[in-house]
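In our numbering, the protein residues as written are 1 to 877.
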């Protein structure tokens, strides 16, 4: 549910640390490395000490047949061959409350959610778009995600929000696995989601994270300003990995936040990764004389996450004829692991092995021997692994004393596709007789032709042979060029002697780069285009001096973090471009880039990115207009009701608008009941959704004229999401006057008069307000003309005055501070027959005057007396 509105593309996915307990625990030394591709093959033997990327054993991106029509989570089926199905508590698969909906931004609205809250529907789409940006989708608006807005209902804490229905198969039992997911959240200031994922299927549920995922506070998240409100999103990897004993696994997610206020989020790109180390075995040296000792060396190589792996082991049955030496010299660098190797025995075992975090490999070494001549091969089937991938075949050749030896070397420390590798083979004749027909055969890729000097090889002498090989794409796909060589020579007796060289491993030197733009289009000169470049070391050697060159318009400068990029690791680089008139004229921006890196030996790796095209789209124009109306005048303390009408004059449809109106100090108790509107910090703010061409919205605001107010003036302002061709009608101002009029009536001269006297009266009307005011009054002269005659000499300095017996009336418009003076007179009758009292009151209906009908203000009344002789009184009697 919407609350108040409220961070960074991830550089790594597998910040994993292994534990054999029930929690994938965090470790400060864990490295955040890039995830492998969805098609990554399982690690293979042959590259001891060179970490290989993890393998994806399960990946769900909610893109299988989803199309443009939203569906609920429980109606979705994952891609073959798993065909995964999912479920959740009913509160989390609830379309009317906008929960459990699989959708994308470019697709249709979910009807029930749209009817409940169009803003919620729009927010779910924006979060799906942002998760597309997070996972590097070519068109993020088509990215599907599972979204929840908890609109209008509290789903309850710790209910299941996502769960696999059927088990997900693993390659074998006893695998190290880890987990990652992409999550987005919005309206963080209201409340944030707290998502906890579990691995299920092998006893008690295993939490994938030490703390629930909260993108609102997690530093791995990044703020994306896509849509009207900020969205926090990122990719979140497990705190560690687990040695999983079962043949299959499940995934479950609960939400510790049960509130319907805020708690707005989406998730996508759920993956389970196999991070099982690779085991390699070799005998050193690979050729011995009968009865001599060779060291059986087992190398356990970590995956490229370089996270801790704990609890692995194996039992290796030696080939028949090969036994553990009388002095085994058993040793291991695999943490607290225990090596079992009995002198004369036929097996070697490791239990409780540990690869510490950040360690690429560890070894187990045991001395072995053989008494009979021959070549013995330790096959993968001879080994029973626990938590490691089995090795390839390991040969050992046992020869008679005096056999030749061969050492193979390569000049290059790494390779790229198409590079020429230079091999050198040093052959030494260890016998006491010359060898003829010395031949070296290379068993590596392409079986290079080896050239040796002609002639025989004298006893004790050595010779260097050479060969070259051009690396291929197949070698790059394997990741290394690995090979050995065989030498044969013939004694004068005709006996042929042979030997096998050491193994040479040349690792791949390679980069990939993916370029993306945050903006999908541009509409004007001066807009900023934000580029991201994801550079991955997909080779087997570290690379430094990572540089990205952008070939787009303006050749934007690209910023990349410094440091060394480990094999399998990913780094994010950024650049910006400000659109120009040339871009608009071209109708699009077409851009690509190249990434380079350098090995420790100074060899370069280079890769070209994809091409990014950003089209120019002419901006939609929407002329939003606002008209505000209110009363022209109001009495002090009186209520004012304003009507504000927002109209879309076209030509386009508005996707959203905002109206603001600062409440003036002279208007108190301001309030509104219009949906979408609220008053805070003395500002009226209204937020509206779509407004079609020609449509209008009416907003009402009411308040009270504050004491002492003279003029109440305020302005409404409307802004929209689109370009407005006529900003002149975006504001509307109303002015309401609070009239204030002071009336004073005076009887000039003595209050006591005699028959025949002329009495003069003065009435002043002063505008004490701040705006022009139309004022008027009526003076009933009945109590004057019963004893006197009106002299018809009425006059006014402002306005007009009339006498219509017995009423004297005046009206006029006064500027602020202006005074109107009205005068008239009466003459007392020679023989007055009235009440001999000259009492008189002026009355006004002008708002804000001091002489309304009910007034007792003495300034509104005059009092006088007519004095007559007693005989006149008798005559009157």
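Backbone N, C-alpha and C define an ideal beta-carbon position, used for all residues, glycine too. As the structure is a computational prediction, the values presented were derived from the model and not from experiment.
Exposure label - residue i; buried when at least 16 CB within 10 Å
i	result
residue 820	buried
residue 833	exposed
residue 273	buried
residue 175	buried
residue 866	buried
residue 707	exposed
residue 281	buried
residue 722	buried
residue 496	exposed
residue 748	exposed
residue 860	buried
residue 613	exposed
residue 21	With a pLDDT of only 36 at residue 21, under 50, the local geometry of the prediction cannot be trusted, and the value read off the model is given with reservation. Flag for residue 21 reads exposed.
residue 831	exposed
residue 70	buried
CA-to-CA distance, residue j to residue i, given in whole angstroms
i	j	result
residue 399	residue 600	39 Å
residue 63	residue 120	22 Å
residue 380	residue 489	31 Å
residue 251	residue 158	15 Å
residue 310	residue 395	29 Å
residue 528	residue 590	15 Å
residue 619	residue 584	12 Å
residue 797	residue 825	16 Å
residue 557	residue 542	24 Å
residue 388	residue 278	6 Å
residue 687	residue 656	8 Å
residue 732	residue 108	37 Å
residue 186	residue 720	22 Å
residue 337	residue 217	39 Å
residue 125	residue 104	6 Å
residue 858	residue 762	14 Å
residue 586	residue 526	15 Å
residue 582	residue 615	13 Å
residue 644	residue 697	8 Å
residue 367	residue 374	18 Å
residue 512	residue 606	8 Å
residue 782	residue 818	30 Å
residue 423	residue 466	6 Å
residue 573	residue 130	18 Å
residue 767	residue 116	55 Å
Identified DSSP bridge partners for residue i
i	result
residue 840	862
residue 688	657
residue 536	512 and 570
residue 98	Looking at the DSSP assignment, residue 98 forms no beta bridge with any residue, so it has no partner.
residue 464	426
residue 258	The partner list for residue 258 (beta bridge, DSSP) is empty, contrary to what the question assumes.
residue 713	735
residue 702	641 and 671
residue 169	248
residue 60	270
residue 405	428
residue 628	644
Integer Cβ distance of residue i from residue j, believed to fall under 8 Å
i	j	result
residue 534	residue 514	5 Å
residue 701	residue 735	Wrong, their Cβ atoms sit about 15 Å apart, outside the cutoff.
residue 291	residue 371	6 Å
residue 89	residue 160	5 Å
residue 439	residue 485	Actually they are not in contact, since the Cβ atoms of residue 439 and residue 485 sit about 10 Å apart, beyond 8 Å.
residue 348	residue 411	Contact doesn't hold; Cβ gap of about 35 Å is too wide.
residue 359	residue 306	7 Å
Near the ligand ZN: residue i beta-carbon under 8 Å from a heavy atom
i	result
residue 360	Among the components modelled here there is no ligand, and therefore nothing to report on the ligand ZN.
Every unbroken beta strand (DSSP E) inside the region 266-340 [3 residues or more]: 278-284, 287-289, 293-301, 309-317, 322-324 and 338-340
Any beta strand (DSSP E) of 3 or more consecutive residues that is wholly inside the region 410-462: 420-428 and 436-442
Ordered list of beta strand (DSSP E) runs contained in the region 473-507, each at least 3 residues: 480-483, 485-490, 496-500 and 504-507
Complete beta strand (DSSP E) runs within the region 113-161 (minimum length 3 residues, chain order): 145-148
Runs of 3 residues minimum, wholly inside the region 792-862: which ones carry the beta strand (DSSP E) assignment? 800-804, 807-814, 819-828 and 840-843
Taking only runs that begin and end inside the region 218-247, name each unbroken beta strand (DSSP E) of 3 or more residues, in chain order. 222-224, 231-237 and 241-244
Whole runs of the beta strand (DSSP E) within the region 727-804, excluding any shorter than 3 residues: Entirely contained in the region 727-804, the beta strand (DSSP E) runs reaching 3 residues are, in chain order, 731-737, 741-747, 758-767, 773-780, 788-790 and 800-804.
Just to confirm the assignment: which complete alpha helix (DSSP H) runs, minimum length 4, are found wholly within the region 557-620? For the region 557-620, whole alpha helix (DSSP H) runs of length 4 or above, ordered along the chain, are 581-586.
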